[in-house]
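Asks: Residue 474 in my numbering sits at position 72 of the sequence shown; the count goes up by one each step and never skips. Just so you know, even glycine gets a beta-carbon here, dropped at the ideal spot from N, CA and C. Given the structure is predicted, the values throughout are model-derived calculations rather than measurements.
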Amino acid sequence: MGRSRGSAGPGDRATGHDLRVVVICDEGYASSLAAASLHALGLHRATDLTGGFQAWKSAGLPIVAGTEPPTGAPHP
Numbered sequence: 403m404g405r406s407r408g409s410a411g412p413g414d415r416a417t418g419h420d421l422r423v424v425v426i427c428d429e430g431y432a433s434s435l436a437a438a439s440l441h442a443l444g445l446h447r448a449t450d451l452t453g454g455f456q457a458w459k460s461a462g463l464p465i466v467a468g469t470e471p472p473t474g475a476p477h478p
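(1) Return yes when the Cβ of residue 446 is within less than 8 Å of the Cβ of residue 419, no when it is not.
(2) Closer than 8 Å by C-beta to residue 428: which residues in its own chain qualify, once you throw out the five before and the five after it? Chain order, please.
(3) From residue 462 to residue 424, what does the alpha carbon distance come to, in whole angstroms?
(4) Rounded to the nearest angstrom, how far is the Cβ of residue 426 from that of residue 450, given a contact under 8 Å?
(5) Using C-beta distances below 6 Å, list every residue in its chain close to residue 422, excluding the 5 sequence neighbours before and after it, in chain order.
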C-alpha cells in the first residue's frame, strides 16, 4: 500500500502545525502515547488508530504483506 497524496513518511519533517499524522502500533497503547506527545509539540491534527493494527486486521480491513521486515525490526 503506497502513501496517500500529502502524507508524511518516516524521515519526513513537519513543515507546519496543520500536518495530519496518524500513528499506528500493534494494539493502540503506544500510538496513543505518541499521538499525545505530538499534540504537546503542537501537531494538533495528530491521532492514533484506536486498537492499533490488531483492530484493523480484526475488522477485515486491507493488509498488504511485505516480503521482508524492515531492517532492525523484531521477527515474530
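Replies: According to the data block:
(1) yes
(2) 454, 455, 456
(3) 19 Å
(4) 7 Å
(5) 447
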